[in-house]
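One structure below.
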Amino acid sequence: MKIIKNIPLYGYSVDPEQLSFVDRLLTKSKNERPGFYQRMFYEDFARVFNFVNHGDTNLFQVETNDEELIRKMVGNLQARYRKYSVDETIRELVEAVAQSLIWQGTAYYFVQNVPEQEKIHITPLVSDNIFCFFSVYFQYVPKRCERYLERDHEMLPRELRILDKNKLMRFEIPRSLRRMLSEQNRTLKIIDKHQFGVTNFYPQATYENPNPKSHFDFSIWKNTQEQALFRATRKTGWNGRNYDSSKCSDFFHYYRLIRFRRNQLILRDYILLQLGKELTRVGHRYNEDFNVVISPTSVLPQIDKLDEMESLLSREEIDFTEVSDYYYER
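Under this note's numbering, the first residue of the sequence shown carries the number 112, and numbering increases by one thereafter.
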């Protein structure tokens, strides 16, 4: 295995079937995919912005002492489809970081200077094979096959790349949310595992009795699963995409909307806080006095407003339409 100090390796591919035990251990390879409810929750919770056209109004307030540097750093960030303005790029970056945090737990970006182009590139990394040991960051690259058109393929050895932490941006989930999601996901895994277990209780048809009578009450089974789901998601406020349950009152539904949105905003604001700190840290390479703080403007939903609406809802002093409009940013 080669141990080198280098930039991260991007865009390589490996065959999961050829990974050794050490490879699977160091790359955090997961054969288990998220179940039905887990996947839906990941998709819903990572959607921290509702796509509403706010016109020319800025979504974020960027306070910095070097506007040219922040424009150079954020303006050249690799976007999904095209080059955005600084405000649009920040929104897309927060969305991408939120998805990585929910699905993988951490998110990494690498800052690379391109002197000949006078540009600074910030590129996302896959966090599965990056780990920290005594404040030193490593990228583990398993054996991989380099394919060529004009000559034979080459099998490259394992690599342990030592990364420059001054060029590495790291994001994580707030501790309170991490505990909350961990508790919820343990129950969701069990619900997903037994979601279709009802078929095990039906009697098998035989030649003598092709239509056996079943005494199994499916409604009790379904009701038990719904109760387990609602209890597991009590702290996060997720409704499991169940908007028409006859067992839930309107108050219950809208109270959960507020709680779910509040948890999303906690994640959004924490990502923005980390983004400002990480950009400040890596920006010191170009300007020792560089500083930037990024915060949401009043155009976006605010946690204080949700707390106020929750208090008004508990006193029945606000209608459901106002809660719904604020949740969906209408």
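Just so it is clear, CB atoms sit at the ideal spot from N, CA and C, and this is done for glycine as well.
Pick from the options: whose alpha carbon is nearest that of residue i?
i	options	result
Val393	Asp275, Glu154, Glu178	Asp275
Arg352	Val197, Leu120, Met151	Met151
Phe147	Phe327, Ile302, Asn240, Ser360	Ile302
Thr432	Tyr381, Ile369, His395	Ile369
Leu214	Pro268, Phe363, Asn296, Ser131	The sequence shown places Trp at residue 214, not Leu. It is Asn296.
Ala157	Glu206, Ser409, Glu199, Phe329	Glu206
Glu154	Glu174, Arg258, Gln210	Gln210
Val237	Phe245, Tyr220, Lys346, Ser246	Tyr220
Asn169	Val159, Arg202, Phe242	Arg202
Val225	Tyr397, Asp418, Val410	Tyr397
Gly387	Ile181, Val159, Gln149	Ile181
Glu179	Ile241, Glu229, Lys333	Glu229
Arg289	Lys300, Lys346, Phe312	Lys346
Gln149	Cys359, Ser196, Lys300	Lys300
Phe329	Ala316, Ile241, Phe341, Phe312	Phe312
Just the Cα atoms here: how many angstroms apart are residue i and residue j?
i	j	result
Ile233	Gln223	6 angstroms
Lys113	Val252	10 angstroms
Gln336	Phe171	41 angstroms
Met266	Asn117	20 angstroms
Glu399	Asn176	11 angstroms
Arg191	Thr344	With a pLDDT of only 46 at Arg191, under 50, the local geometry of the prediction cannot be trusted, and the value read off the model is given with reservation. Roughly 32 angstroms between the two C-alpha positions.
Lys278	Leu390	10 angstroms
Met280	Lys416	31 angstroms
Ser287	Glu270	35 angstroms
Tyr318	Phe327	21 angstroms
Gln189	Ser357	Caution applies to Gln189, whose pLDDT of 49 falls short of 50 and renders its modelled position unreliable; the value that the coordinates give is listed next. Their Cα atoms are separated by approximately 46 angstroms.
Leu292	Asp436	26 angstroms
Arg426	Asp239	47 angstroms
Arg379	Thr200	15 angstroms
Leu204	Gln385	12 angstroms
Ile414	Phe244	36 angstroms
Tyr410	Phe307	First, the amino acid is wrong: residue 410 is Val here, not Tyr. Their backbone Cα atoms lie some 44 angstroms apart in a straight line.
Phe362	Asn334	20 angstroms
Glu294	Pro321	44 angstroms
Arg342	Gly216	23 angstroms
Hey, could you find the ends of the beta strand (DSSP E) residue i is sitting in?
i	result
Lys324	It is not in any beta strand (DSSP E) - Lys324 carries neither H nor E in the DSSP assignment.
Lys230	230-236
Lys333	First-last for Lys333: 329-343, but that is the alpha helix (DSSP H), not the beta strand (DSSP E).
Ile405	403-407
Tyr354	Taken as a continuous stretch (DSSP letters only), Tyr354 belongs to no beta strand (DSSP E), as it is neither H nor E.
Ala218	217-225
Met184	No beta strand (DSSP E) contains Met184, which is instead part of the alpha helix (DSSP H) from 178-186.
Glu283	279-283
Whose C-beta lies closer than 7 angstroms to the C-beta of residue i among residues of the same chain, with five residues either side of it excluded?
i	result
Arg272	Ile115, Asn117, Pro119, Leu120, Phe249, Gln250, Val252
Leu423	Ile429
Arg144	none
Ala339	Thr298, Ile302
Met184	Ile231, Ile233, Leu390, Gly394
Pro314	Pro323, Ser325
Thr408	Asn169, Leu170, Phe171, Gln172
Under 6 angstroms Cβ to Cβ from residue i, same chain only, skipping five residues before and after it: list those, please.
i	result
Ile284	Leu212
Val208	Ala218, Phe282, Ile382
Asp134	Pro253
Lys304	none
Gly348	Arg367, Arg370, Phe371
Tyr438	Leu368, Arg372
Pro235	Tyr220
Going along the chain, which residues of its own chain have a beta-carbon closer than 8 angstroms to the beta-carbon of residue i, five neighbours each way excluded?
i	result
Val434	Tyr365, Leu368, Ile369, Met420, Leu424
Arg193	With a pLDDT of only 48 at Arg193, under 50, the local geometry of the prediction cannot be trusted, and no value is derived from it.
Val247	Ile273, Lys276
Could you check whether the Cβ of residue i sits closer than 9 angstroms to any Cβ belonging to chain B?
i	result
Leu212	Of the protein chains in the structure, only one exists, and it is not chain B.
Give a single yes or no on whether residue i has its beta carbon closer than 8 angstroms to a heavy atom of the ligand ADP.
i	result
Glu389	In terms of ligand content, the structure shown is empty, and the ligand ADP therefore cannot be addressed.
Terminal residues of the continuous alpha helix (DSSP H) containing residue i?
i	result
Ile414	414-425
Arg144	First-last for Arg144: undefined, no H or E at that position.
Glu389	361-394
Lys276	Counting along the chain, Lys276 falls outside any alpha helix (DSSP H), and DSSP gives it neither H nor E.
Gln250	Unbroken run through Gln250 is the beta strand (DSSP E), 247-252; no alpha helix (DSSP H).
Counting beta carbon pairs with one atom in the region 367-375 and one in the region 400-407, are three or more of them shorter than 8 angstroms? no
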